[in-house]
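Residue numbers (our numbering): 17 to 258. See structure below.
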């Protein structure tokens, strides 16, 4: 319910930003409320089945289901090996789950003759933390945060403060989702996950990650994501009862 409330907030803001001369019909408003993207960015295309997207959706669904099955059968005793396996499987579940949702929504709309803006753009290919969050992962929410938080703060204070403010707001929104479902500790961990990424963006700007080789940039990105991923994965698995 908390996640739906966050999505509803994004939707209300998107709807409020539409010009009065372009108000949608009731059916289109309902459509806008049910999907995670801004329907004003869609366009009509010939109905088709994108085989590549279908294959990607099925692959990610299979990975997500395998991760769930493995998590359900992990031994309960505490050990470093089991903890690492749990976190690794949780990461696979989080990534594959989001990719499955993204590709399935795109496929369903293409079958209806509607092209939608991508929700994800192959996040695993990101070559910086900034690129991961601003250009590849959960783009509807990323776009909302950029327009409602980053740009106003950047105009008034500067880019460093804007980065921290954006990740702080994201952390608060996700933290609230965990607060109402599993309690304060889960909320604190999830919020910390996003705050750390705000710091990582500032660090990679300072050390000029863009000048690194492609391999070094990818290792940096995956390394930083992996370093703090337990802060989000563990509460997420608890939320799912895994």
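C-beta: ideal position from N, C-alpha, C; glycine also. None of the values given here were measured: they were computed from a predicted structure.
If you draw a straight line from the C-alpha of residue 185 to the C-alpha of residue 242, how long is it? 22 angstroms
Assumed close pair residue 258, residue 84 - CB separation to whole angstroms, cut-off 8 angstroms: 7 angstroms
Local conformation of residue 141 per DSSP, three classes: helix
Is the number of C-beta pairs between the region 227-241 and the region 143-160 that are closer than 8 angstroms three or more? yes
Taking the alpha helix (DSSP H) that residue 66 belongs to, which residues open and close that run? Careful: residue 66 lies outside any alpha helix (DSSP H) and carries neither H nor E.
Inter-residue CB distance, residue 214 and residue 203 (contact presumed, cutoff 8 angstroms): Rounded, the Cβ-Cβ distance is 17 angstroms, inconsistent with contact.
Endpoints, alpha helix (DSSP H) assigned at residue 212: 200-222
Say whether the region 80-96 touches the region 109-126, bearing in mind that this needs 3 or more beta-carbon pairs closer than 8 angstroms, one atom from each stretch. yes
Thinking just about the alpha-carbon of each residue, which of 62, 63, 101, 188 is nearest to the one in residue 87? 101
Would you grab the beta carbon distance between residue 240 and residue 216 for me? Rounded to a whole angstrom, and I think it's under 8 angstroms. 5 angstroms
Look at the Cβ atom of residue 244, then the Cβ atom of residue 200, and state whether they are nearer than 7 angstroms. no
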